[in-house]
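Numbered per our numbering, the sequence shown spans residues 10 to 89.
A quick write-up on the structure given underneath.
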Amino acid sequence: MKPDWNDLIADCFCYGERAFAEHPSDEEAAFQLLSQLRQRHIGWSTFSGELERQLDGMPKLNAKAELARAHLYFRKWLLD
Numbered sequence: 010m011k012p013d014w015n016d017l018i019a020d021c022f023c024y025g026e027r028a029f030a031e032h033p034s035d036e037e038a039a040f041q042l043l044s045q046l047r048q049r050h051i052g053w054s055t056f057s058g059e060l061e062r063q064l065d066g067m068p069k070l071n072a073k074a075e076l077a078r079a080h081l082y083f084r085k086w087l088l089d
């Protein structure tokens, strides 16, 4: 069974240690996450809300900068 899409978010940040998709393994996790979001027809507003919530638990990262970085990767693929 595949993990739920929101369970994959932390993998894109090496669990709060790196910027969004900064390392090739994080980028692969981001691609897997994007695939699940698109399969489930989840839009940017739903995804970004959950991303903001999870970033609150990653104190090493700048939430605003990481949200902007994720926006560059995902926004054109996630419709609302």
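In this text, a Cβ means the ideal position worked out from N, Cα and C, and glycines have one as well.
Margin query: Report the CB separation of residue 87 from residue 76 in whole angstroms; it is logged as a contact under 8 angstroms.
Written below: Taking the sequence shown and counting its residues from 1, the one referred to as residue 87 is at position 78. Taking the sequence shown and counting its residues from 1, the one referred to as residue 76 is at position 67. About 13 angstroms; that fails the 8 angstroms criterion.
Item checked: Proximity of residue 53 and residue 20 at Cβ, strictly below 7 angstroms -> The count along the sequence shown starts at 1 and reaches residue 53 at position 44. The count along the sequence shown starts at 1 and reaches residue 20 at position 11. It is not a contact, given that the beta carbons lie outside the stated cut-off.
Check: Are residue 72 and residue 81 closer than 7 angstroms when you measure CB to CB?
Finding: In the sequence shown, residue 72 corresponds to position 63, counting from 1. In the sequence shown, residue 81 corresponds to position 72, counting from 1. No, Cβ-Cβ distance for residue 72 and residue 81 is not below 7 angstroms.
Item checked: Euclidean distance between Cα positions of residue 69 and residue 16 -> Sequence index remark: in the sequence shown, residue 69 carries index 60 (1-based). Sequence index remark: in the sequence shown, residue 16 carries index 7 (1-based). Looking at the two C-alpha atoms, the distance is approximately 19 angstroms.
Item checked: Residue from 13, 67, 62 and 18 with nearest C-alpha to residue 39 -> Your numbering for residue 39 matches position 30 in the sequence shown. For the residues 13, 67, 62 and 18, the minimum Cα distance to residue 39 belongs to 18.
Item checked: Same chain only: Cβ atoms within 7 angstroms of residue 36, ignoring 5 sequence neighbours per side -> The sequence position of residue 36 within the sequence shown is 27, counting from 1. Contacts found: 30.
Next item on the list: Could you check which residue in 27, 66, 46 and 32 has the C-alpha nearest to that of residue 85?
Entry: In the sequence shown, residue 85 corresponds to position 76, counting from 1. The candidate whose alpha carbon is nearest that of residue 85 is 46.
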